[in-house]
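Numbers 44 to 319, taken from this note's numbering, label the letters of the sequence shown in order.
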Amino acid sequence: MMGRGGSWGASRPLPFTGVLATAPRAIVGPVVEGGGSRTPLRVRSAPSPSCFSPRPADSAAMANATPERILVVDDHPLVRDGLRSLLAVTFEHCDILEAAGVEEACTVLASHGDCDLVLLDLNMPDATRLSGLVQLREAFPMVPVLMVSGSFDRALVQEALSAGAAGFLPKSMKRDGIVNALHMVMAGEIYIPDTGLEETPASAEEAQIRTRIDSLTPQQKVVLHHLVHGRLNKQIAHDLDVSLTTVKAHVSAILQKLGVFSRTQAVILANRVHFD
Numbered sequence: 044m045m046g047r048g049g050s051w052g053a054s055r056p057l058p059f060t061g062v063l064a065t066a067p068r069a070i071v072g073p074v075v076e077g078g079g080s081r082t083p084l085r086v087r088s089a090p091s092p093s094c095f096s097p098r099p100a101d102s103a104a105m106a107n108a109t110p111e112r113i114l115v116v117d118d119h120p121l122v123r124d125g126l127r128s129l130l131a132v133t134f135e136h137c138d139i140l141e142a143a144g145v146e147e148a149c150t151v152l153a154s155h156g157d158c159d160l161v162l163l164d165l166n167m168p169d170a171t172r173l174s175g176l177v178q179l180r181e182a183f184p185m186v187p188v189l190m191v192s193g194s195f196d197r198a199l200v201q202e203a204l205s206a207g208a209a210g211f212l213p214k215s216m217k218r219d220g221i222v223n224a225l226h227m228v229m230a231g232e233i234y235i236p237d238t239g240l241e242e243t244p245a246s247a248e249e250a251q252i253r254t255r256i257d258s259l260t261p262q263q264k265v266v267l268h269h270l271v272h273g274r275l276n277k278q279i280a281h282d283l284d285v286s287l288t289t290v291k292a293h294v295s296a297i298l299q300k301l302g303v304f305s306r307t308q309a310v311i312l313a314n315r316v317h318f319d
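Below, the structure written as structure tokens:
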């Protein structure tokens with residue numbers, strides 16, 4: 044449970060000031076951060092760090108943005124309880140719904156299609172990385188989705204925005220910062236934390252792995268999927284109804300493109316970026 048001055052999801056809150064962007068809730072708008080001039084951004088395309096430019100939030104719009112119904116999607120009951128308490132204090136007379144997974148969230152949204160906002164945890168048992176966000180955006184494109192996570196980096200935030208997220212909310216934020224971010228999103232802004240987004244060596248390496256995987260053909264990605272799930276060449280050939288020679292050729296091409304020498308190394312790289 045969270046007090047007015049406390050934090051949730053982390054023992055040492057990080058001081059995040061917000062970055063925001065004017066944008067319709069659906070897809071497009073200018074993203075803003077720090078100081079400088081405005082630069083338009085189409086959220087469906089991957090944004091670069093240099094495209095963030097500043098504009099102050101419309102305080103009147105933020106004050107008048109009062110949601111009637113919010114859905115909290117997290118597989119941890121304690122996190123849902125903490126968010127529910129914060130939302131109940133922040134938005135009076137707001138109906139707060141809960142879901143423990145993406146599939147349950149889709150069911151709830153289908154029954155309550157007039158939800159004003161979804162708070163979606165990044166790591167869900169029935170979703171991989173941003174697949175839950177993509178699923179919700181495709182099924183309910185008019186409902187803004189604010190991603191919530193305990194760990195993130197610049198590449199992940201940009202990937203979430205490109206997938207249509209209304210913003211990215213760190214669990215380590217203090218209560219006042221979370222409330223401010225919620226008001227921004229409800230006013231049609233895109234919230235981006237402006238601290239802790241430096242590119243780390245790990246995230247840079249993972250970005251390279253994703254680039255290599257993206258270079259695979261659709262057939263090679265299917266074969267890699269089977270490798271990740273521990274399937275042997277003969278089993279893959281049977282499942283795909285192709286010859287063993289074809290499967291071996293795909294595996295060799297996968298190893299070459301990923302820059303590894305064994306199936307095990309390929310699986311390790313795929314698992315690092317949650318390829319499935």
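Beta carbons: idealized from backbone N, C-alpha and C, even for Gly.
Item checked: Three-state secondary structure (DSSP) of Asp319 -> coil
Margin query: Rounding to the nearest angstrom, what Cα-Cα distance links His293 and Ala170 in this structure?
Written below: 27 Å
Check: What residue range is occupied by the uninterrupted beta strand (DSSP E) comprising Val186?
Finding: That residue, Val186, is in no beta strand (DSSP E); it is neither H nor E in DSSP.
Checklist line | Whole alpha helix (DSSP H) elements within the stretch 246 to 297, 4-residue minimum | finding: 261 to 271, 276 to 283
Next item on the list: Name, in chain order, the residues that DSSP records as bridge partners for Val151.
Entry: Val151 is not bridged to any residue.
Item checked: As assigned by DSSP and simplified to three states, the class of Gly210 -> strand
Check: I think Val116 touches Leu163, with their Cβ atoms under 8 Å apart; what is that distance to the nearest whole Å?
Finding: 5 Å
Checklist line | Those residues which DSSP pairs with Ala224 across a bridge | finding: DSSP output for Ala224 lists no bridge partner at all.
Check: Is Ser215 helix, strand or coil by DSSP?
Finding: coil
Note to self: According to DSSP, Arg112 sits in a beta bridge with which residue or residues?
What the structure shows: Asp138
Next item on the list: Reducing DSSP to helix, strand and coil, say where Leu165 ends up.
Entry: coil
Check: Count the other CB atoms within 10 Å of the CB of Asn314; is the residue buried (16 or more) or exposed (fewer)?
Finding: exposed
Checklist line | Assigned secondary structure, Leu160 (DSSP; H/G/I helix, E/B strand, else coil) | finding: strand
Next item on the list: Pull up the distance between the alpha-carbon of Ile139 and that of Asp219, whole angstroms please.
Entry: 19 Å
Notebook entry, point to check: Helix, strand or coil for Arg81 per DSSP?
Noted result: Interpretation of Arg81 is limited by its pLDDT of 39, a score under 50 that renders its predicted location unreliable; no figure is taken from the coordinates.
Notebook entry, point to check: Count the other CB atoms within 10 Å of the CB of Glu248; is the residue buried (16 or more) or exposed (fewer)?
Noted result: exposed
Item checked: Span separating the alpha-carbon of Val145 from that of Glu202 -> 19 Å
Checklist line | Assigned secondary structure, Ser128 (DSSP; H/G/I helix, E/B strand, else coil) | finding: helix
Margin query: Can you find the residues in the same chain that come closer than 8 Å, C-beta to C-beta, to Gly302, ignoring five residues on each side of it along the sequence?
Written below: Arg255
Margin query: Can you tell me whether Glu135 is buried or exposed? The criterion is at least 16 other CB atoms within 10 Å of its CB, across all chains shown.
Written below: exposed
Notebook entry, point to check: Are the beta-carbon atoms belonging to Ile233 and Val316 less than 8 Å from one another?
Noted result: no
Checklist line | Glu202 Cβ short of 7 Å to the ligand FAD heavy atom set | finding: With respect to the ligand FAD, the structure offers nothing, as it holds no ligand at all.
Check: What first and last residue would you give for the alpha helix (DSSP H) that runs through Val200?
Finding: 197 to 205
Margin query: So for Val310, helix, strand or coil by DSSP?
Written below: helix
Notebook entry, point to check: Relative to the alpha-carbon of Ala296, which residue among Asn166, Ser194, Leu267 has its alpha-carbon at the smallest distance?
Noted result: Leu267
Item checked: Per-residue DSSP class, three states only, for Ser192 -> strand
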